[in-house]
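**Student:** Each residue of the sequence shown is one higher than the one before, counting from 56 in my numbering. A virtual CB, placed ideally from N, CA and C, is assigned to each residue, including glycine. All of these numbers come straight from a predicted model, not from anything done at the bench.
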Amino acid sequence: MVRTRSAARQSGDTPPSPAAAPPSEQFWLIKAEPESRIENGVDVKFSIDDLAAKGESTWDGVRNYEARNIMRDRMRVGDLCLFYHSNCKTPGVAGIARVSHGSMVDFTAFDKSHPYYDPKSDPDSPRWFMVKVSFVRKLRRLISLKELQSYKSTRLNSMALLHRGRLSVQPVSRQEFDFVLSLEDQDPHYPTTASTS
56 MVRTRSAARQ SGDTPPSPAA APPSEQFWLI KAEPESRIEN GVDVKFSIDD
106 LAAKGESTWD GVRNYEARNI MRDRMRVGDL CLFYHSNCKT PGVAGIARVS
156 HGSMVDFTAF DKSHPYYDPK SDPDSPRWFM VKVSFVRKLR RLISLKELQS
206 YKSTRLNSMA LLHRGRLSVQ PVSRQEFDFV LSLEDQDPHY PTTASTS
């Protein structure tokens, strides 16, 4: 089992990397839908368990320009990602993934049979990009959105997820990343001063 970065720093070693990538100073949150949803006749469900079974996957189908720009211009091999279950009964952080391949053209935009086909996308001048991510590990428990929101006015007061929830790929600070992982060994706790917005 891969330990958190904070635990690795305390013991003086580094967590193992499935891609043998150098330690990263960039962190992200990436969203996927873990429950079945049919789009254009195809089930677009993808959970942390699906990533674990595949080992590695393209992060395709992102059709938001800001999220696209993050993948195209900012994500690098070795970056760690909080894998977030979205649009489901209990949304929250379910695991950790690592960027295993940098920006590439999202070919699903050109495939008419694909749920994320974009008829306005031109292979000679592509508008959509993606990265590949590899499975690192599942969290020992789901850190729910409700629990994360309870820290909105304290430890996670600047976290993009709690202010711009719909963005499917978003930056996470090192402090936010470490704090979220520190919650997995604690019982769910909702401070009495928590924000409910």
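Measure how close the beta-carbons of P170 and V224 come, nearest whole angstrom, since I'm counting them as under 8 Å.
**Tutor:** With a Cβ gap of about 18 Å, P170 and V224 do not count as contacting.
**Student:** Out of curiosity, what's the CA-to-CA distance linking G96 and E90?
**Tutor:** 15 Å
**Student:** Going by beta carbon distance, what residues of the same chain come within less than 7 Å of R196, once the five residues before and after it are set aside?
**Tutor:** E239
**Student:** Can you check DSSP and say which residues form a bridge with Y139?
**Tutor:** Listed as beta-bridge partners of Y139 by DSSP are K86, V148.
**Student:** Between which two residues does the alpha helix (DSSP H) holding I103 run?
**Tutor:** 103–109
**Student:** Between E94, L200, R192, E88, which has its C-alpha nearest I151's C-alpha?
**Tutor:** Of E94, L200, R192, E88, the residue nearest in Cα terms is R192.
**Student:** So what does DSSP say about S112, is it helix, strand or coil?
**Tutor:** strand
**Student:** Rounded to whole angstroms, what's the CA-CA distance from D177 to S237? Just pull it up for me.
**Tutor:** 44 Å
**Student:** Would you call the CB atoms of S189 and S155 closer than 8 Å?
**Tutor:** For S189 and S155, yes; Cβs fall inside 8 Å.
**Student:** Output needed for T248: all residues of its chain with C-beta closer than 8 Å, excluding positions within five of it in sequence on either side, in chain order.
**Tutor:** In this prediction, T248 has a pLDDT of 45, which is less than 50 and means its spatial position is unreliable; nothing more can be read from the coordinates.
**Student:** Pull up the CB-CB distance for C136 and W83, whole angstroms please, since I reckon it's below 8 Å.
**Tutor:** 5 Å
**Student:** If we count the other Cβ atoms within 10 Å of its Cβ and call it buried at 16 or more, is G147 buried or exposed?
**Tutor:** buried
**Student:** Please report the residue range of the alpha helix (DSSP H) in which S237 lies.
**Tutor:** 229–237
**Student:** Between V160 and the rest of its own chain, which residues show a CB-CB distance below 7 Å, the 5 nearest in sequence each way excluded?
**Tutor:** P181, F184
**Student:** If I'm right that F138 touches I85 with Cβ under 8 Å, what's the distance once you round it to whole angstroms?
**Tutor:** 6 Å
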